[in-house]
Every structure is written in C-alpha cells, then in structure tokens.
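**Q**
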Amino acid sequence: MQNKASVKNESSAVLLARVFRGENIESEHCGHIVVVDADGEILYSWGDAEQIVHMRSAAKPIQILPSLDDGIAARFGLQRQELALACASHNGEWQHTALAGSILNKIGLTEKNMQCGIHRPMGVDLAVVAEKTPYSVLQNNCSGKHAVMLAACVKNGWPVKNYLDPQHPHQQRILHTLAKMGHIPVAEIGVQIDGCSAPEFSLPLKNVATMYARLAAAKKSELNPFDLMADFPYLIAGKNRFDTAVIEAGRGRLIAKIGAEGLECIAVRGKKTLGIVISIADGNSRATPPVAVELLSALKVLKGDQLKMLSEFSKPTIYNHRNRIVGRIECALDFSSI
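Read in order, the letters of the sequence shown are residues 308 to 645 in this note's numbering.
Here it is, written out as structure tokens:
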C-alpha cells in the first residue's frame, strides 16, 4: 500500500554525529530531529520536521492501546510486566521469553499461533544470549507485541489465523489509533509490512513525535504505556541496551523506544511534556545514543548523575578485534541555541 507518505527526500538532512578513528574523522551520520509539545507544536527541529520516517518498532507503545482499552489485563489476568513486553524490542533473554510464553498460556494459545517469525536474538551480539540453533519464536524481539495482539483477538472473538492482515479489525483499530495520537488523517499514513510481518507505518517525523508527547501527557496509570515502560525498563530492551539505560536514568520521567534504521523516539513527562524523534538518514542506529544524550542534556531533561549513568552511550567507544580502543562516536550538532 502506497501513498504520499512513501516518498523520502534526504536532501535536508543535517550532520548529527561523527565517527572518529583515533583523532581523525572516519565517517559521519546525517539526519533529522524534531521536538514537539503535547499539542504537536514544534518547539525545536534540525533537518526537516516533515521528513517521512518508518515507525517500525517505535509504534509498539501506540499499538498496544486498543488491546488495553479492551480490558485484556482483567480478562486474562495479565500482569503489568506482561503488558510492558508488548512495548518492547527485547534482547530475547529468559526474562523476555518467559513473559511472552506466559501471555500465550493465559489466552489459551501456543507458539504455533505466533506469526512474527524466528530470528537471531538481539542479545546474541551483546553476549547476553547464547548463540544456538534453533531459536524460539518467543525470542523474536516483537514476541510481546504479537502475544498481546492475539490476546485482543481472543477477547473480541476475532480470527487469529489472519491477525496480521492490515484489513483485520484489530489492525484497523491500531491504524486509527495511530492517526488519532499523531494528529494525522488515516489516508496520510503509509502502511507497509514490518520485519515481524505485522503492519508498519510511515508518516512525517513531527507526527511521530506528537504520538510520543501524547503518551507522556496521558494521566499516570498502571495501564498507561508510558508507565508500563517507565516501571519495567529492563523488559523494554534488556542488558547493555540504550533504551533500558535511558529509561532507568530518567527515573520515571521519560521513556525511549528504538524503531529501526536509525530511529529513536523519546517521551518526556513533566512541567513541559515533550515528544522527541531522532532519525539517522543512513539507517545506522549507532549514531542515535550520543545524539539523544546530548539533546536530553541540553533540554535539561537529564542532569548530573543521570548523565553519568549514560556515559558509555554519550561518546560510545569503538574497539577493534583485539579489544583495543581505536575510536569513538560523538554528537556533531550544537544544541546551544536551546
């Protein structure tokens, strides 16, 4: 399915990060950033706030909303940890797989009903999940999202065989929820297929940021996706992952969610509610953490010891195959105008 949200133009991208080999620049990453308030008004932007981006996994905290509205927690006795997993792009560690399996058990389905596929877990490269063959569908980083989608289908008596069809009633509810949260007409949202075979969405950067600002602006609640993520940061990503680290550093004030292809979304709760989206034009996610940390510091969202907690992500060190330090990645953008 294609519409005007399918067209990308990177000519307006600005330099966001530099990669150093020793003290010399080896490569650079350009992209776009937008910061909005709870009404979707642009407060700051670098690059093009209208740039079309694919949400991919960054849509998860919004995709769960129709399921929560259905009352699946009460209907199936789902715990908050299980619901938080639906917002995750997790490492596939045992904590994650156990919760995904628990959801399926409670709704009366099995792994055979999961259509997200099997991939090498994200935690393998971080040395927190063992390399093995075969892996389980529960280790798919989207397993929580799929389990909760299935829960909504069971609750409503909808077919589970085609639960990922973009025309399925649950997927249509998700699409309309995204439009409402992002202040954008449904017809202006591009619908494609994600790596996990679920529908994924393309739309302007500013509208994605608006969704995240509205997540933060929602009233504090045990079943608010913001609070689910803020209370269970380890489940959202896992060990040695930026999203988990920055949520922990935020101490309940912010949530962060990776998308794919260099997308990072952040929601900030407080006197000034913020939705932040960083998009790296070349799709390399290694550039997003140092840019995000620098921006959160400039916005005074994180201070002092909170920033110290993120020191390894602020200027990530590059090691060679003998574990020698050979370079680093730094934010290249000057946020002094904030």
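Note that CB positions come from ideal geometry on N, CA and C, so glycine has one too.
Predicted, not measured: the structure shown is a model, and the values here were computed from it.
Output needed for V598: all residues of its chain with C-beta closer than 6 Å, excluding positions within five of it in sequence on either side, in chain order.
**A** Walking along the sequence shown from the start, residue 598 turns up at place 291. The residues are L323, A324, I585 and C638.
**Q** Is it right to say Y626 is buried, meaning 16 or more other beta carbons lie within 10 angstroms of its own, or is it exposed?
**A** Stepping through the sequence shown from its first residue, residue 626 is reached at position 319. Burial call: exposed.
**Q** Are there 16 or more other CB atoms within 10 angstroms of the CB of K468, so buried, or fewer, so exposed?
**A** Looking up residue 468 in the sequence shown gives position 161. Counting Cβ neighbours within 10 Å, K468 comes out exposed, since fewer than 16 surround it.
**Q** Let me know if D376 comes out buried or exposed under the rule of 16 or more other beta-carbons within 10 Å of its beta-carbon.
**A** Residue numbering aside, residue 376 sits at position 69 when the sequence shown is read from its first letter. Exposed, by the Cβ-count rule.
**Q** Threshold first: 3 residues or longer. Then list the beta strand (DSSP E) segments lying entirely within the segment 336-413, N to C.
**A** DSSP runs (the beta strand (DSSP E)) wholly in the segment 336-413: 349-353 and 359-361.
**Q** Quick check: the Cα distance between D538 and A544, rounded to an integer number of angstroms?
**A** Stepping through the sequence shown from its first residue, residue 538 is reached at position 231. Stepping through the sequence shown from its first residue, residue 544 is reached at position 237. Cα to Cα, D538 sits roughly 13 Å from A544.
**Q** Which residue wins for smallest C-alpha separation from N420, given the options R387, G489, V455 and L614?
**A** Within the sequence shown, numbered from 1, the residue matching residue 420 stands at position 113. That would be V455, whose Cα lies nearest to the Cα of N420.
**Q** Could you pull the start and end residues of the beta strand (DSSP E) that K462 belongs to?
**A** For the purposes of this step, residue 462 is identified with residue 155 of the sequence shown, where counting begins at 1. Taken as a continuous stretch (DSSP letters only), K462 belongs to no beta strand (DSSP E), being part of the alpha helix (DSSP H) at S450 to N463.
**Q** Relative to the alpha-carbon of G582, which residue among A520, L606 and I554 has its alpha-carbon at the smallest distance?
**A** For the purposes of this step, residue 582 is identified with residue 275 of the sequence shown, where counting begins at 1. Comparing Cα positions, the closest option is A520.
**Q** Which residue marks the beginning of the alpha helix (DSSP H) containing P597, and which one marks its end?
**A** Within the sequence shown, the letter at position 290 stands for residue 597. Here the alpha helix (DSSP H) through P597 covers T595 to A605.
**Q** Alpha helix (DSSP H) containing L485: first to last residue?
**A** In the sequence shown, residue 485 corresponds to position 178, counting from 1. It spans P476 to G489 - the alpha helix (DSSP H) in which L485 sits, taken as one unbroken run.
**Q** Report the rounded CA-to-CA distance for P532 versus A523, giving the unit in angstroms.
**A** Position 225 of the sequence shown holds residue 532. Position 216 of the sequence shown holds residue 523. Between P532 and A523, the C-alpha separation is close to 9 Å.
**Q** How many angstroms separate the CA atom of D589 from the CA atom of V575?
**A** On the sequence shown, residue 589 is found 282 positions in, with the first residue counted as 1. On the sequence shown, residue 575 is found 268 positions in, with the first residue counted as 1. Roughly 26 Å between the two C-alpha positions.
**Q** Flag this pair as yes or no: are the beta carbons of P373 and C394 separated by less than 8 Å?
**A** Working through the sequence shown from its first residue, we reach residue 373 at position 66. Working through the sequence shown from its first residue, we reach residue 394 at position 87. Not a contact, by the Cβ cut-off of 8 Å.
**Q** When DSSP labels each residue in this structure, what does Y626 get in the three-state scheme?
**A** For the purposes of this step, residue 626 is identified with residue 319 of the sequence shown, where counting begins at 1. DSSP places Y626 in strand when its eight states are reduced to three.
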